[in-house]
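If you read the sequence shown in the numbering used here, its first letter stands for residue 3, the second for the next number, and so on.
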Amino acid sequence: MRCNSCRARNVTGIMGEILKKRLKMSRFESPEQEALLALMVTASELRANMDRTLSESGMTGEQFNILRILRGAGAEGHPSGAIGCRMIDRSPDVTRRIDTLEKQGYVGRERSTEDKRVVHVRITKKGEDLLDTIAPKLLVYQKQVTANLTETELLQLSALCERLIAMQDDRSEPCNS
3 MRCNSCRARN VTGIMGEILK KRLKMSRFES PEQEALLALM VTASELRANM DRTLSESGMT
63 GEQFNILRIL RGAGAEGHPS GAIGCRMIDR SPDVTRRIDT LEKQGYVGRE RSTEDKRVVH
123 VRITKKGEDL LDTIAPKLLV YQKQVTANLT ETELLQLSAL CERLIAMQDD RSEPCNS
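Below, the structure written as structure tokens:
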């Protein structure tokens, strides 16, 4: 019977070989480089596959993310700036994306009566219906991606990502909306 650390080293070695092949590298300079490259390649692959899944419904990842955020906000919606702070990929382009979603009838906007500079954005029934249509496809995709991971491994992965996010948040510019 093999110990867990032996198993972990074996998995790391296998993953390292896959990553080396994918990046056409003979070796990594350090475990840190290998880990960060593995995260970046994985994130890129996940995003590309998610985009393909969403494109079947005529959505981009950013548009889906905005609708997801607005659904979570409930009837009161969010100010535009607050949406940008909640995005997976923070982008200065949120207004243009909201414009597109509004033209498609997926969101509505309303200027605040207290502060005319603030515009609240809300998801419409049509936007909710679209998310309901997309949800089963995303569930299938999520199951496919995580099929080879145990629940414990998924929780470990989440915890490790949380630690990395916390370290990056310390270095990122604050989002004040």
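By construction, the Cβ of each residue, glycine as well, lies at the ideal position given by its N, Cα and C atoms.
Boundaries (first-last residue) of the alpha helix (DSSP H) holding residue i
i: GLY83; result: 82 to 88
i: ARG111; result: No alpha helix (DSSP H) contains ARG111, which is instead part of the beta strand (DSSP E) from 109 to 113.
i: GLY76; result: Note, GLY76: premise wrong, no alpha helix (DSSP H); not H, not E.
i: GLU2; result: Lying before the first or after the last residue shown, residue 2 is absent from the chain, which here runs from 3 to 179.
i: PRO138; result: 127 to 148
i: LYS105; result: 96 to 105
Simplified DSSP state of residue i, which is helix, strand or coil
i: VAL120; result: coil
i: VAL13; result: Any reading at VAL13 must be qualified, since the residue scores a pLDDT of 46, below 50, and its modelled position is unreliable; the value itself is stated next. Three-state DSSP puts VAL13 in a helix.
i: GLY60; result: coil
i: SER160; result: helix
i: LYS23; result: helix
i: SER93; result: coil
i: THR44; result: helix
i: LEU38; result: helix
i: LEU151; result: coil
Spatial distance of residue i from residue j (CA atoms)
i: ARG49; j: SER82; result: 24 Å
i: LYS118; j: LEU103; result: 22 Å
i: SER46; j: ARG54; result: 12 Å
i: ALA10; j: GLU155; result: Here ALA10 scores only 43 on pLDDT, less than 50, and its place in the model is too uncertain to base an answer on.
i: THR44; j: GLY129; result: 29 Å
i: GLN106; j: GLN144; result: 27 Å
i: PRO33; j: LEU151; result: 22 Å
i: SER93; j: LEU41; result: 21 Å
i: CYS8; j: MET61; result: The pLDDT assigned to CYS8 is 39, lower than 50, so where the model puts this residue is not dependable, and the model offers no usable value.
i: ALA77; j: GLU153; result: 34 Å
i: LEU141; j: VAL147; result: 10 Å
i: MET27; j: GLU19; result: 9 Å
i: ASP95; j: GLU64; result: 10 Å
Cutoff 6 Å; reference residue i; Cβ partners in own chain excluding five residues on either side
i: LEU159; result: none
i: ILE136; result: SER59
i: ARG88; result: ILE71
i: VAL121; result: SER82, ARG111, ARG113
Any non-hydrogen atom of the ligand GDP within 7 Å of residue i CB
i: LEU69; result: As for the ligand GDP, it is missing from this structure, which has no ligand bound.
Cβ neighbours of residue i in the same chain (closer than 7 Å, five flanking residues each side left out)
i: VAL123; result: LEU72, GLY79, HIS80, SER82, ILE85, ILE100, VAL109, ARG111
i: VAL13; result: Legend: pLDDT at VAL13 = 46, less than 50; position of this residue unreliable, no value from coordinates given.
i: ARG170; result: The residue asked about is misnamed: residue 170 is Gln in this sequence, not Arg. If we look at GLN170 and ignore the five residues flanking it on each side, it has no Cβ neighbours.
Neighbourhood of residue i by C-beta, 8 Å cutoff - its chain only, sequence neighbours within 5 removed
i: LEU39; result: LEU21, LEU25, PHE30
i: LEU132; result: SER59, MET61, LEU69, TYR108
i: LEU166; result: LEU41
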